Structures are given as structure tokens and as C-alpha cells.
Amino acid sequence: MRKSRQIILGIESSCDETSAAVVSVNCQLSTVNCFEILSNIVLSQIDIHKKYGGVVPEVAARQHVKNILPVIQGALDEAKVSEKDIDAIAITQGPGLITSLMVGVETARTLAYVWDKPCVPVNHIKAHVYAAWLSSNAHNSPHSPLSLRGEEKIDRVPPLKVRGGQEELLSELIKFPILALVVSGGHTELLFMKNEKSFKKIGQTLDDAAGEAFDKVAKILDLGYPGGPIISKLAETGNPQAFAFPRGMMKSPDFNFSFSGLKTAVLYAVQGIQKQKHKKFQVSSFKFQENVAASFQQAATDVLVYKTIKAAQQYKIKTLIMGGGVAANKLLRETMRTEAEKIHIPFIVPEIKLCTDNAAPIAVAGYFGKVMPWQKIEADSGLEIK
Ligand code: KG4
Ligand code: ZN
1315 MRKSRQIILG
1325 IESSCDETSA
1335 AVVSVNCQLS
1345 TVNCFEILSN
1355 IVLSQIDIHK
1365 KYGGVVPEVA
1375 ARQHVKNILP
1385 VIQGALDEAK
1395 VSEKDIDAIA
1405 ITQGPGLITS
1415 LMVGVETART
1425 LAYVWDKPCV
1435 PVNHIKAHVY
1445 AAWLSSNAHN
1455 SPHSPLSLRG
1465 EEKIDRVPPL
1475 KVRGGQEELL
1485 SELIKFPILA
1495 LVVSGGHTEL
1505 LFMKNEKSFK
1515 KIGQTLDDAA
1525 GEAFDKVAKI
1535 LDLGYPGGPI
1545 ISKLAETGNP
1555 QAFAFPRGMM
1565 KSPDFNFSFS
1575 GLKTAVLYAV
1585 QGIQKQKHKK
1595 FQVSSFKFQE
1605 NVAASFQQAA
1615 TDVLVYKTIK
1625 AAQQYKIKTL
1635 IMGGGVAANK
1645 LLRETMRTEA
1655 EKIHIPFIVP
1665 EIKLCTDNAA
1675 PIAVAGYFGK
1685 VMPWQKIEAD
1695 SGLEIK
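Per our numbering, residue 1315 is the first one in the sequence shown, and the count goes up by one each step.
This is how it looks when you write it as C-alpha cells:
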């Protein structure tokens, strides 16, 4: 898309969050600091899926159908814009759950047709990377991103602070080439970008995604869904050295990952304790859960950070970006920042609300993407990075 000032409506429905955002784009001079979030509504279905221990696709799609139009209307109202002001619609095309994706795509196609607007299909994984372009806006903008979980609005995003307590516009640090680690419930990928539109996958998980491993470990420990936030909370008071869990593929010469061995090691640790008769040794014992959570989190973080930093050095990158739901993890954020500082590479990780699924980065990805006739846009659950 060429115009320098645009208002983009982003729509996201790839998993269990129905989200719509209005982003204002003013990229006359450069693409740094030119995105402003006017609204960002996220309606999470977590409370509904929790009781099933994971996302039930059919249930998710029905919820998207019910909520997508009110969420879009909410985003337009919050941004104080109407359909006349919208220059383009950006929609998550994939990857994700096919029935969930279809709800968003059909809605975007219909709006594009009825409103006569250009429509841009977006890759969800790329959008997790583009969240970094929004990093400076939280304190720049009078409209900070608002989230809606159930009916509840979440507080303003606090100003970002970097080194020395000095506030800095983080996205001013975006320089190419970039290495981006996307860690989410369905993906763990290392992407090399030589400019804003070029993505080359240089590594990925060969089995479970990092987020999937957090979710499965929480399930093994009978802690509920989603596992990431529960495990990271428990880990705060656990001993990360209590269990020597494996660091899968840590020393392999490529940049791929494997988390299934780690997950199985946790399962064996739990089964081992189940065989003990003594009361002191029980899975539900808090210290056991805390220690497993801390040791697991440490093992997963060690591998993610080690391989990412190694790739950063090998590819001689100028900026390191991290995104996706697992990028909300405190230990991972802190460890990656420390290691990136050691090799003097600026590190950008968006605030937590922009790491997990939301539509604002979808709008940014739409800006960098290609308009397609709405008739040709189809949901694609296995959409690859190209
Ligand atoms: O990006 P996302 O919201 O959805 C997908 O595209 O998959 O990521 C969801 C994943 C879940 O697996 C969840 O457990 C994980 O992100 N997650 C976390 C944390 N918060 C969410 N993992 C580790 N630590 C967290 N604090
Ligand atoms: Zn995601």
C-alpha cells in the first residue's frame, strides 16, 4: 500500500481471541514510529475453553461468530472513526484453526465488499514480529491500547523504560537486518529479515512449540489452561536447579528447536513421584510443582536464548525482536535482554498485551502486505512464511 497516511482496521480470529484494532499509519519519512494504535479490542475466550483443558475449535468458531461484529464495532467506536475513515482492512489469513480463521476472513471479505475497501491477507506469525513496530506508541499516544477480556477493560500500558531508566522510543532502534524469534502456542520460529517485507525462516521447532510445551506441562501437573502464565507464576518461587531437565538440540549446528523431550522428562518426573507412597512426595505438593515449573521454564529459556543469540551472531544482525504469547514470559524476556546486551544488539520485545494474540499488529502487517481482491482471499490454516 502506497498512501502515506492511512487508517487500517485489523481483524484477528486465528485461535481463541476475537480482536479488532484501528491503527493510524503515517509513514512519510520512515516506517519508524509511524504507527499509532487508536483502539485495540481483545475478547478472550479463555474462560470458556479452560474447562476443556484447551481450545475446542468448534466452540471457538461459534464464539467468534457471536462476537466478531460487536468487537469490530467496539474498535471503531473506541477509535472514534466510522467505516468512511477506514482505508484498508487487514485480516489474519493463517496459520491457525481453520474454522476460527474462516470467521474472521469471511467477515473481512464481507466488509471489504459492502464498504468497498481494499483488503490485505496477513500471516499471523509475521504480525507477531510487527508488534515491535508498535512498541513506542504506548506512551506516545493519547490513546493507549485498550484490551477487553470478558467485559473488563484493562489499564493503560505503562511507559516503556530502557537502559538507565531513560525512556526511549524503542522502535527507533529498529535497524536491519533483524532476527525475530516468534514463540507462541503453535509456533517457535527464528526469522531473518533484511527489510520490512522480507522474511526468511532460519530455524523452527521440529516437534512441540514452546507455548505448547508450557501448556502440556501445566496439564501434566493438573494446573489448568493456558499453561504459560500458570507455570511462570509458580516458577517464581521454585528452584530452577531442582530437576536437571534436558535442553533439547542445544548443541545442534542448526537453529532448530525441540521441546518434546523436555515435556517427556517432566512427565517422567511426575510419574516418578506418583510411585512414592510417602505423603511428602505428592504431585499436588506445592514445592514439587513450583520446582518442576521453575526447572522446566529454565530449561526452555536456556535453549531459546542460546540458539537465538547464536543465530544473532552468525547472521550479524542489527536488531533482535521477540514476539508471540511466550514472549510474555518474564524470565525469557529478562534473559534474552541480558544476553543481547552482552553482544551489544538492541533487543525489542513488545509489552505483554501486544505479545499475545491481538489485532493491532495485524493492521501493521496489513500496511506492509499486499492488497488482494476480496474474492481471492481464503483462510489457510497451514499458511507458510514466504
Ligand atoms: O501468541 P499466542 O497468544 O497465541 C498463538 O498464536 O498461539 O500464544 C499463546 C501461548 C500459549 O501457549 C500460552 O501458554 C503462552 O502463549 N503464554 C506464555 C505466557 N503467557 C502466555 N508462556 C510462557 N509464559 C507466559 N507468561
Ligand atoms: Zn499468536
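Ideal Cβ positions, reconstructed from N, Cα and C, are used throughout, including at glycine.
Since the model is a prediction, treat every value here as computed from it, not as a measurement.
Roughly how many angstroms lie between the CA atoms of residue 1498 and residue 1689, to the nearest whole one?
Rounded to whole angstroms, residue 1498 to residue 1689 spans 30 Å at the Cα level.
Could you compute how far the alpha carbon of residue 1460 sits from the alpha carbon of residue 1359?
Here the model assigns residue 1460 a pLDDT of 30, short of 50, so the residue's position is not dependable and the matter cannot be decided.
N- and C-terminal bounds of the beta strand (DSSP E) containing residue 1325
Per DSSP, residue 1325 belongs to the beta strand (DSSP E) from 1319-1326.
Short Cβ contact (8 Å threshold) for residue 1389 with residue 1403
Their beta carbons are not under 8 Å apart, which means residue 1389 does not touch residue 1403 by this criterion.
Can you name, in chain order, every residue of its own chain whose Cβ lies under 6 Å from the Cβ of residue 1694, other than the five neighbours on each side?
So the list reads 1407 and 1408, once near-sequence residues are dropped.
Mapping the DSSP letters down to three states, classify residue 1461 as helix, strand or coil.
Confidence at residue 1461 is low in this model, with a pLDDT of 31, below 50, so its placement is unreliable and the value that follows should be read with caution. In this structure, residue 1461 counts as coil in the three-state DSSP scheme.
Which same chain residues, not among the five before or five after residue 1319, have their C-beta less than 6 Å away from its C-beta?
Hits under 6 Å: 1340.
Closest by CA to residue 1334, which one among 1419, 1411, 1502 and 1588?
Nearest option by C-alpha distance: 1419.
Considering only the alpha carbon of each residue, which of 1575, 1351, 1442 and 1661 lies closest to residue 1328?
Distance from the Cα of residue 1328 is smallest, within the candidate group 1575, 1351, 1442 and 1661, for 1442.
Classify residue 1684 as buried or exposed, calling it buried when 16 or more other Cβ atoms lie within 10 Å of its own Cβ.
Residue environment: residue 1684 is assigned as exposed (fewer than 16 neighbouring CB atoms within 10 Å of its CB, all protein chains considered).
Output the residues surrounding ligand 2, defined as those with a CB atom closer than 5 Å to any ligand heavy atom, in chain order.
Taken from the N-terminal end onward, the list reads 1498 and 1671.
For the 8 Å Cβ check, are there 3 or more pairs between the stretch 1641-1657 and the stretch 1366-1383?
These segments do not touch.
Starting from residue 1514, follow its DSSP beta bridges and name the residues at the other end.
According to DSSP, which records beta bridges pairwise, residue 1514 is partnered with 1506.
Quick check: the stretch 1571-1584 against the stretch 1629-1638, are there 3 or more CB pairs under 8 Å?
Judged by Cβ distances under 8 Å, the stretch 1571-1584 makes no contact with the stretch 1629-1638, as fewer than three pairs qualify.
Pop quiz: residue 1337 and residue 1678 are said to be a contact at Cβ under 8 Å. What is the actual Cβ separation, rounded to whole angstroms?
Separation of the CB atoms of residue 1337 and residue 1678 is rounded to 6 Å, and the pair is thereby assigned contact status at 8 Å.
Taking 7 Å as the limit between beta carbons, can you name the residues of its chain near residue 1521, skipping five residues before and five after?
Excluding sequence neighbours, residue 1521 sits near 1572, 1573 and 1574.
Within 10 angstroms of its Cβ, does residue 1490 collect 16 or more other Cβ (buried), or is it exposed?
By the 10 Å Cβ count, residue 1490 comes out exposed.
Of all the alpha helix (DSSP H) runs that stay within the bounds of the stretch 1398-1450, which reach a length of 4 or more residues?
If we require 4 residues or more, the alpha helix (DSSP H) runs fully inside the stretch 1398-1450 come out as 1412-1429 and 1438-1444.
Taking Cβ to Cβ, would you say residue 1552 is nearer than 8 Å to residue 1604?
Taking the C-beta atoms as reference points, residue 1604 is found nearer than 8 Å to residue 1552.
Below 8 Å on the Cβ atoms is my guess for residue 1626 versus residue 1659; work out the distance and round it to an integer in Å.
At roughly 6 Å, the Cβ-Cβ gap stays under 8 Å, so residue 1626 and residue 1659 are in contact.
How would you write the range of the beta strand (DSSP E) that residue 1354 sits in, first residue to last?
First-last of the beta strand (DSSP E) with residue 1354: 1349-1358.
Three-state class that DSSP yields for residue 1496 in the structure shown:
Residue 1496: strand per DSSP, three-state reduction.
Residues in its own chain within less than 6 Å of residue 1368 by CB, not counting five upstream and five downstream?
Only 1539 meet the Cβ criterion.
Once you ignore the five residues that flank residue 1331 on each side, which residues in its own chain have a CB closer than 6 Å to its CB?
Answer for residue 1331: 1356, 1358 and 1671, listed in chain order.
Just grab the DSSP bridge partners of residue 1649 for me.
None; residue 1649 has no bridge partner.
Is residue 1529 near ligand 1 - that is, is its Cβ less than 7 Å away from at least one heavy atom of it?
Answer for residue 1529: yes, Cβ within range of ligand 1.
Reference residue 1536; option with closest CA among 1364, 1326 and 1611:
Per the Cα distances, 1364.
Is residue 1344 near ligand 1, judged by its Cβ being under 7 Å from some heavy atom?
No, since every heavy atom of ligand 1 falls outside the 7 Å radius drawn around the Cβ of residue 1344.
Apply the 10 Å Cβ neighbour rule to residue 1558 and answer buried if 16 or more other Cβ atoms are within range, or exposed otherwise.
Counting the other CB atoms within 10 Å of its CB gives residue 1558 a total below 16, which places it among the exposed residues.
What residue from 1643, 1602 and 1432 has the CA that sits closest to residue 1616's CA?
Looking at the Cα atoms, 1643 is the closest of the given residues.
When 1548, 1622, 1509 and 1515 are compared against residue 1564, the one with the closest alpha-carbon
When the alpha-carbon of residue 1564 is set against those of 1548, 1622, 1509 and 1515, the nearest one is in 1622.
Per-residue burial, residue 1428 [other beta carbons within 10 Å of its own, 16 or more giving buried]
By the 10 Å Cβ count, residue 1428 comes out exposed.
Where residue 1566 sits in the DSSP three-state scheme:
Coil at residue 1566, not helix or strand.
Given this structure, state the Cα-to-Cα distance separating residue 1546 from residue 1377, to the nearest angstrom.
If you take the alpha carbons of residue 1546 and residue 1377, they lie about 28 Å apart.
Buried or exposed (CB count within 10 angstroms, at least 16 for buried), residue 1601
Exposed, since its Cβ has fewer than 16 Cβ neighbours within 10 Å.
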